[in-house]
Amino acid sequence: MGRSFVGKGVREQVLSSQTSEIDADSLMRALLVPSPVGGVYARTGLFETVIEGLAFFISRHRDPGTEVLRFPPVMSRTQLERSGYLHSFPHLLGSVSCLKGSEATIRAVVDQPDWVEKLSATELVLSPAACYPVYPMAAARGPIPPGGLVFDVASDCFRHESTSEIGRFQSFRMREFVCLGTPQQVLDFRSRWLLLGQRLAKQLGLEHQIAPASDPFFGRGGRLAAMSQLEQSLKFELLVAIRSEEEPTACMSFNCHRDHFSAVWNLTTENGDKAHTGCVAFGMDRLALALFKTHGLDLKKWPAGVRKNLSI
Ligand code: AMP
Ligand code: ZN
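By our numbering, the letter at position 121 of the sequence shown is numbered 121, and the numbering carries on one by one without gaps.
So this is what it looks like as structure tokens:
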């Protein structure tokens, strides 16, 4: 008798029909439950098992002396604005709006079909990356000590993406190691993580490549900013084929901000020089998708070394 899926749920069907070449749709259906909004999903237990393994795996590679901070999915609007995000990426920004006023005012508003028009902005935006709140926080503590500072941060992030192909979420999780210090300390951090990131991908059995990259700056002026970022080699990405071999997906990024954040927040080293900053970012949801795409949907069939590294 041929394989029969009668009576089974879609997720089980996909699981039991697993082959090593899983197409994007099957991958998504097996791991994520769609919501009415593109790029926003509920994540299954299977998906989260791998996310948790990944989080633990990354923690094991934390440098000694790293300060751990976990941020909520929202952050100060003023801080994000001062960081330059509003002008660089206004098309990706999401902000928190609420209904304000007396009980009577709010009651009258919610009874109207156009209640959305009556929303007003709060002092909160949705964090577009995990590292933004670190720089003002570190600056408030005074000069950076001679050895530099490293933070381990994470948050749920939001970007108002215009498409929702596999791997492009509006709401996703980002983990980052962030370095603040002298220009040399930040360059060393970034070079070391460029190698470490590749080693981590190898330990997870992920075929990957490193490529120079630029951020999706807004508009015509943004193209110049992107070119300058490329010319100065300020951003590299670790790419894995999730959607296709031809258009591999960025699963990690290695960023050097030079003195951008120290100019905004007056971050200095002990001798009063402007500090430099850099970060390595792990796209947790994309890394999990890359793992399922590479090793299949049955965790028991994943290579023993990968399972050991992920403690699954
Ligand atoms: P970036 O700040 O753009 O370098 O993002 C850091 C990492 O977050 C990327 O390397 C991706 O792995 C992940 N990421 C960025 N945008 C998205 C998105 N729309 N959906 C899922 N993951 C994302
Ligand atoms: Zn960052």
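Heads up, the beta-carbon is just placed ideally off N, CA and C, and yes, glycines get one too.
In the structure shown, Leu-267 adopts coil according to DSSP, grouped into three states. Ala-201: member of the alpha helix (DSSP H) spanning 183-203, first to last residue.
In the DSSP assignment, Arg-258 falls within the beta strand (DSSP E) that extends over 249-258.
Taking a contact to require three or more Cβ pairs closer than 8 Å, the segment 214-231 and the segment 95-113 do not qualify as touching.
Looking from the CA of Ser-76, the closest CA among Tyr-135, Phe-292, Ile-22 belongs to Tyr-135.
Closest in alpha carbon position to Leu-32, among Phe-47, Leu-180, Ala-24, Gly-38, is Phe-47. A contact between stretches requires three or more CB pairs, one per stretch, nearer than 8 Å, and the segment 206-220 fails this requirement with the segment 260-267. Of Ala-288, Lys-300, Val-306, Trp-302, the smallest CA-CA separation from Val-50 is found for Ala-288. Distances from the CB of Ala-129 to the heavy atoms of the ligand ZN include at least one below 7 Å. Membership of Tyr-135 in the alpha helix (DSSP H) is indicated by the continuous run 134-139. Within the DSSP secondary-structure output, Glu-176 pairs in a beta bridge with Val-153, Ala-281.
Annotation: the continuous alpha helix (DSSP H) that includes Val-110 extends over 103-110.
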